[in-house]
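J.:
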Amino acid sequence: MNYLMINTAEGTRALLFADGNYHYDENMKNAGSETLLPMIDGLLARAKIKISDVDIFGACIGPGSFTGLRVGLTTVNTFCYALDKPCFGVNNLRLNSYNNMNAKVISVADAGNKVCYIAGFDGDTEIIENKCVTLDDAKRIIAEHADFGVSTDNKLAAVFGGTAGVGERELRLVAERGLEQSERQTRLLPLYVRKAQPERGEGDL
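Heads up: the sequence shown runs through residues 4 to 208, numbered per this note's numbering.
(1) Look at the alpha carbon of leucine 105 and the alpha carbon of glutamine 188, and state the distance between them as a whole number of angstroms.
(2) Can you find a CB in chain B that lies within less than 8 Å of the CB of lysine 53?
(3) Starting from the N-terminal side, write out each stretch of the beta strand (DSSP E) that is 3 residues or longer and does not extend beyond the region 43-100.
(4) In whole angstroms, what is the alpha-carbon distance linking arginine 96 and lysine 51?
(5) Should the region 100-120 be regarded as contacting the region 140-158, the criterion being three or more beta carbon pairs within less than 8 Å?
(6) Output yes or no for whether 8 Å exceeds the beta carbon distance between valine 93 and isoleucine 64.
(7) Consult DSSP for aspartate 150 and reduce its assignment to one of helix, strand or coil.
(8) Can you have a look at glycine 164 and say buried or exposed, based on whether 16 or more other CB atoms are within 10 angstroms of its CB?
(9) Which residues in the same chain as isoleucine 144 place their Cβ atom closer than 8 Å to its Cβ, once the five residues preceding and following it in sequence are excluded?
(10) Three Cβ pairs or more, each shorter than 8 Å: is that satisfied between the region 22-29 and the region 75-89?
(11) Taking buried to mean at least 16 other C-beta atoms within 10 Å of its own C-beta, is lysine 88 buried or exposed?
(12) Where do the N-terminal and C-terminal ends of the alpha helix (DSSP H) with arginine 175 fall, by residue?
(13) For alanine 21, report the span of its alpha helix (DSSP H) as first-last.
(14) In whole angstroms, what separates the C-alpha of leucine 47 from that of lysine 53?
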């Protein structure tokens, strides 16, 4: 089965598995369709296949950059609609957690304005649901789970320590788990966790 997995929650990453081989590319400085679509074209050229040869599409649904997620999900949803192919979604905090080898992991991702997204995993079980908290609250949660490893995105590495960053290895792992565990869908919806800036009221993070 050929699949294309993309992650636009932080920067732009794409992984193509075709005819038994992996092809990967990333651009952490630029995001958006002007980066993602040429990246996908490049992976298809390297694999010597057409987009119609992809059997299933995957995408990171969030939480993460509002604009980045919209670009990624719109791209996948358009492919699925045009080609009549299925898709699956994966959680960005689950993806992020794979950069730590500990089975018990607290995963943290930047949300801007001194707040962050956080979730906790014990193997395949989510023991802290996705939520948006202040950096101080995240430090408290981490301190309360001293036997857990800590996994962050690149932006928060200096704040929380632990392991940081996502690359081809992590994208492979989350894609393979997503293929095994996620329900096949025809359209993906974003997981924002927090409200967009114009919708936030007083006291909202």
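Every residue gets a Cβ at the ideal spot worked out from N, C-alpha and C, and that includes glycine. Note that the structure is a prediction, hence the values are computed from the model and not measured.
T.: To lay it out plainly:
(1) Correcting the residue type first, residue 105 is asparagine in the shown sequence and not leucine. The alpha-carbon atoms of asparagine 105 and glutamine 188 are separated by roughly 31 Å.
(2) No chain B appears in the structure shown, which is made up of a single protein chain.
(3) 59-65 and 90-94
(4) According to the sequence as given, residue 96 is leucine; it is not arginine. Going from the Cα of leucine 96 to the Cα of lysine 51 covers about 32 Å.
(5) yes
(6) yes
(7) DSSP places aspartate 150 in coil when its eight states are reduced to three.
(8) Exposed, by the Cβ-count rule.
(9) Ile109, Ile121, Gly123, Ile131 and Val136, listed in sequence order.
(10) The answer is no - the region 75-89 does not touch the region 22-29, with fewer than three Cβ pairs under 8 Å.
(11) buried
(12) 171-184
(13) No alpha helix (DSSP H) contains alanine 21, which is instead part of the beta strand (DSSP E) from 15-21.
(14) 6 Å
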